[in-house]
Amino acid sequence: MKRIRLAPSILAADFTRLGAQINEVERAGAEYLHIDVMDGHFVSNISVGPPVISAVRHVTDLTIDAHLMIENPLRFINDYIRAGADIISIHVEACDPGPVIKAIKAGGKKAGLTIKPGTPPETVYPFIEELELVLVMSVEPGAGGQRMIPGCLNKAEILANYIEKYGLETELEMDGGIYLTNVRKAIESGANIIVAGSAIFGTPEPGAAVSAFMDIFKSYGIN
Ligand code: DX5
Ligand code: ZN
1280 MKRIRLAPSI
1290 LAADFTRLGA
1300 QINEVERAGA
1310 EYLHIDVMDG
1320 HFVSNISVGP
1330 PVISAVRHVT
1340 DLTIDAHLMI
1350 ENPLRFINDY
1360 IRAGADIISI
1370 HVEACDPGPV
1380 IKAIKAGGKK
1390 AGLTIKPGTP
1400 PETVYPFIEE
1410 LELVLVMSVE
1420 PGAGGQRMIP
1430 GCLNKAEILA
1440 NYIEKYGLET
1450 ELEMDGGIYL
1460 TNVRKAIESG
1470 ANIIVAGSAI
1480 FGTPEPGAAV
1490 SAFMDIFKSY
1500 GIN
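For the sequence shown, the numbering used here gives the first residue as 1280, with consecutive numbering after it.
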């Protein structure tokens, strides 16, 4: 089994102290940093873009995991590459993924493909060999602080079985509504990258929240 890693989502962070908050989760053992990019078109909210990613790049060595909830990602992909994201995930519903994945790889970055809760897992199969990561949304994209949609666990299981069956290195990430109380469900469905926003930055002590997640991860004896 693959290492289980935590990807705190800065969407719930205190943006006036972003650097300090990132350093706190890094010290506590998080390995990825999830940055949610929203364009007001693909989803109805607007969040952050390349300038914030490049600022974050200067304060952390964490793996920057950019989740692009944007229409026509091909048009902007070079900006995200230049900003210093390590993994760039696009939505299968937002574009023809092939050319975007190609552009991400040409820029020397890892490529991820994301599916919304209503999108079947099979939609990623034609691309999976090119991908370092598949991201299963466990809430409707566009906002933090929602409840996990339980049907998404079954989709993660289908994808995890596919990845295992074909011996792929692809990581499986789950994003949305994950807390200490239900993270085991995400892990047991086969996800090995766990995104959590509210459960970390929505608490008074993000570092302590990260440690509590790490204790659960360790209990699986994989890390
Ligand atoms: C939702 C985002 C998530 C969000 C997760 O559109 O993709 O990454 O920040 O936040 P929580 O953990 O609060 O559901
Ligand atoms: Zn996200």
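Just so you know, even glycine gets a beta-carbon here, dropped at the ideal spot from N, CA and C.
All values derive from a computational prediction rather than experimental measurement.
With a 10 Å radius around the Cβ and a threshold of 16 neighbouring Cβ atoms, Arg1306 comes out exposed.
Under DSSP, Lys1389 shares a beta bridge with Ile1366.
Ala1382 is positioned such that its CB atom lies no closer than 9 Å to that of Ile1366.
DSSP, read as helix, strand or coil, puts Tyr1311 in strand. Those residues whose C-beta sits under 5 Å from the nearest heavy atom of the ligand ZN are, from N- to C-terminal order along the chain, Asp1315, His1346 and Asp1454. The Cβ-Cβ distance between Asp1454 and Val1415 falls below 9 Å. In this structure, His1370 lies near Leu1392, with their beta-carbon atoms less than 9 Å apart. Counting of Cβ neighbours within 10 angstroms places Asn1440 among the exposed residues, the total staying below 16. The segment 1474–1489 makes contact with the segment 1408–1426; the number of CB pairs closer than 8 Å reaches 3 or more. With distances taken between CA atoms, Ala1373 lies nearest to Ile1349 out of Leu1290, Asn1502, Ile1349 and Ala1491. For Leu1285, the Cβ stays outside the 8 Å cut-off from all heavy atoms of the ligand DX5.
Taking C-beta atoms as the reference points, Pro1405 and Lys1434 fail to come closer than 9 Å. Cys1431 and Tyr1458 have their C-alpha atoms roughly 15 Å apart. Pro1483 is not a Cβ neighbour of Gln1300, given a cutoff of 9 Å. Rounded to the nearest whole angstrom, the C-alpha separation of Asn1302 and Pro1429 is 32 Å. When secondary structure is reduced to three states using DSSP, Asp1318 falls in the strand class. As a beta-bridge residue in DSSP terms, Val1413 pairs with Leu1392 and Leu1451.
Rounded to whole angstroms, Pro1287 and Thr1339 show a C-alpha spacing of 13 Å. Leaving aside the five residues that flank Phe1492 on each side, the residues in its chain whose CB is nearer than 6 Å to its CB run, in chain order, Leu1285.
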